[in-house]
Amino acid sequence: MTSIGTFSAGPNQSLVQKVDPRARIVCTVLFAFAVVLSDQLIALIFALVMSILMACFAKLTVAKTLKQLAAMDMFMLYLLLMLPFTVPGYSFMTLFGFSASWQGLEQGIKITLKANAVVLMLFATVTNLPSSALGSALQALKVSNKLIQLLLFTLRYLSVIADEYQRLRRSMRARAFVMRFNWHSWKTIGNLIGMLLVRSIHRSQRILKAMKCRGYNGQLVSYLPMRWQPLDSGFCGTMALLTAAITAVNFIHFS
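Take the sequence shown: its position 182, counting from 1, is numbered 182 in our numbering, and each next residue is one higher.
Structure, rendered in structure tokens:
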């Protein structure tokens with residue numbers, strides 16, 4: 001599998017997009033570890049602010065980014081509603097005989113802050129990378145070749161599988177299928193999933209044959225040269241300092 005091109009920053013690209021993909025990936029992974037292991041609200045708020053600033057530097061589209069975050073935050077809202085009633089601690093309200101604890105609410109807020117900070121940082125630094133640049137950067141970082149190809153093929157063909165699913169759903173609606181809570185509906189959905197898997201396997205076999213005809217030998221061959229620049233060193237240094245600050249805040253006890 002070949003990736004042809006050069007990683008070069010255009011004049012209209014954001015500051016983050018001009019940074020070497022290797023630097024972005026490594027710094028984002030370290031940031032994610034620091035955030036996930038943090039337990040202080042101050043540290044998590046600081047991490048979220050850092051992610052928001054990074055999103056501004058990356059020039060992310062506000063409406064699109066908020067829409068993507070909203071899909072995740074719907075589950076976070078469920079956690080915020082459920083955790084106060086499932087985690088023991090000091091009660092701040094009672095609903096239908098169930099006590100809600102401050103500790104549960106605090107835990108839910110922490111999880112929400114962690115998820116939003118990490119995902120927003122991923123949006124700003126990694127998700128705007130072309131697949132060729134992502135694969136080449138992971139290869140330069142000595143990530144498993146099979147894992148890289150699995151990731152790239154997944155990114156490439158998820159939309160193809162989604163289109164196939166929509167075609168099958170349209171054919172079901174054309175035959176007047178209406179989803180109900182009965183045996184026939186569940187059997188039909190099972191057939192839909194099975195047919196989707198069968199068509200995906202057939203398509204993957206055709207793709208593999210086409211790739212072999214073009215010289216594919218199971219290895220990722222990258223023709224995307226990357227050069228380390230002063231901007232990359234500055235980005236890594238800044239991210240390292242801010243990530244260290246997030247970690248250090250966890251060892252400070254606020255009264």
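Don't be surprised by glycine CBs; every beta carbon is placed ideally from N, CA and C. Quick caveat, the model's predicted, so the values are computed rather than measured.
Q. Taking the alpha carbon of residue 123 as the point to measure from, which residue in 104, 154, 57, 74 has its own alpha carbon closest?
A. Checking every option, the nearest Cα to that of residue 123 belongs to 57.
message: Just verifying my parser: in three-state terms, what is the DSSP assignment at residue 153?
response: Residue 153: helix per DSSP, three-state reduction.
TODO: May I have the straight-line CA-CA distance separating residue 88 from residue 144, to the nearest angstrom?
DONE: Roughly 43 Å separates the two Cα atoms.
Output the distance between the C-alpha atoms of residue 165 and residue 239, rounded to the nearest integer angstrom. Roughly 41 Å separates the two Cα atoms.
Same chain, Cβ closer than 7 Å to residue 34, neighbours up to 5 away in sequence not counted:
So the list reads 243, 246, 247, once near-sequence residues are dropped.
#### Entry: residue 251, enclosing beta strand (DSSP E) - first and last residue
In the DSSP annotation of this structure, residue 251 is not part of any beta strand (DSSP E), being labelled neither H nor E.
**Prompt:** Three-state secondary structure (DSSP) at residue 220?
**Reply:** Judged by DSSP in its simplified three-state form, residue 220 adopts coil rather than helix or strand.
For residue 32, collect the residues of the same chain with a Cβ closer than 6 Å to its Cβ; drop the 5 residues on either side in sequence, then sort them by chain order. In chain order, 118 place their CB closer than 6 Å to the CB of residue 32, counting only its own chain and leaving out the 5 sequence neighbours on each side.
**Asked** Between which two residues does the alpha helix (DSSP H) containing residue 94 stretch?
**Response** Judged by DSSP secondary structure, residue 94 falls outside any alpha helix (DSSP H) and instead within the beta strand (DSSP E) spanning 91–95.
Problem set entry | Pair within 8 Å by beta-carbon distance, residue 28 and residue 160 | If you check the CB distance, residue 28 and residue 160 do not come in under 8 Å.
- Using a Cβ-Cβ cut-off of 7 Å (strictly less than) and excluding sequence neighbours within five positions of residue 250, which residues of its own chain qualify? Cβ within range, chain order: 38, 39, 40, 43.
Okay, do the region 202–209 and the region 105–115 touch, 3+ Cβ pairs below 8 Å being the bar? Judged by pairs of C-beta atoms under 8 Å, the region 202–209 does not touch the region 105–115, as fewer than three such pairs exist.
For this session: Please name the residue or residues paired with residue 98 in a DSSP beta bridge.
Result: Answer is 95.
Near residue 10, which residues of its chain fall below 6 Å by C-beta distance, leaving aside the five closest residues on each side in sequence? In this prediction, residue 10 has a pLDDT of 49, which is less than 50 and means its spatial position is unreliable; what the coordinates show is noted afterwards. Excluding residues within five positions, none has a Cβ falling inside 6 Å.
Given this structure, state the Cα-to-Cα distance separating residue 64 from residue 241, to the nearest angstrom. It is roughly 30 Å from the alpha-carbon of residue 64 to the alpha-carbon of residue 241.
Next on the checklist: Beta-carbon within less than 8 Å of residue 172's beta-carbon, same chain only, minus the 5 sequence neighbours each way: which residues are those?
Outcome noted: Excluding residues within five positions, the ones whose Cβ falls inside 8 Å are 188, 192.
For residue 228, does the three-state DSSP call read helix, strand or coil?
In the structure shown, residue 228 sits in coil (DSSP, three-state: anything other than H, G, I, E or B).
Here's a check: name, in chain order, each residue in its chain whose Cβ is nearer than 7 Å to the Cβ of residue 60, leaving out the five neighbours to either side. Residues 123, 124 of the same chain have their beta carbon placed closer than 7 Å to that of residue 60, with the five preceding and five following residues left out of the count.
- Query: Nearest CA to the CA of residue 196: which residue from 216, 66, 212, 162?
  - Reply: Relative to the Cα of residue 196, the nearest Cα in the group 216, 66, 212, 162 belongs to 162.
Same chain, Cβ closer than 6 Å to residue 67, neighbours up to 5 away in sequence not counted | There are no such residues.
*Any idea if residue 139 is buried or exposed, counting beta-carbon neighbours within 10 angstroms, 16 or more meaning buried?*
Around the beta carbon of residue 139, a 10 Å sphere encloses 16 or more other beta carbons of the protein chains shown; the residue is thus reported as buried.
Open item on the list: Here's the rule I'm using: 16 or more other beta-carbon atoms within 10 Å means buried, otherwise exposed. How should residue 84 be labelled?
Closed with: Taking a 10 Å sphere around the C-beta of residue 84, we find 16 or more other C-beta atoms and assign the residue as buried.
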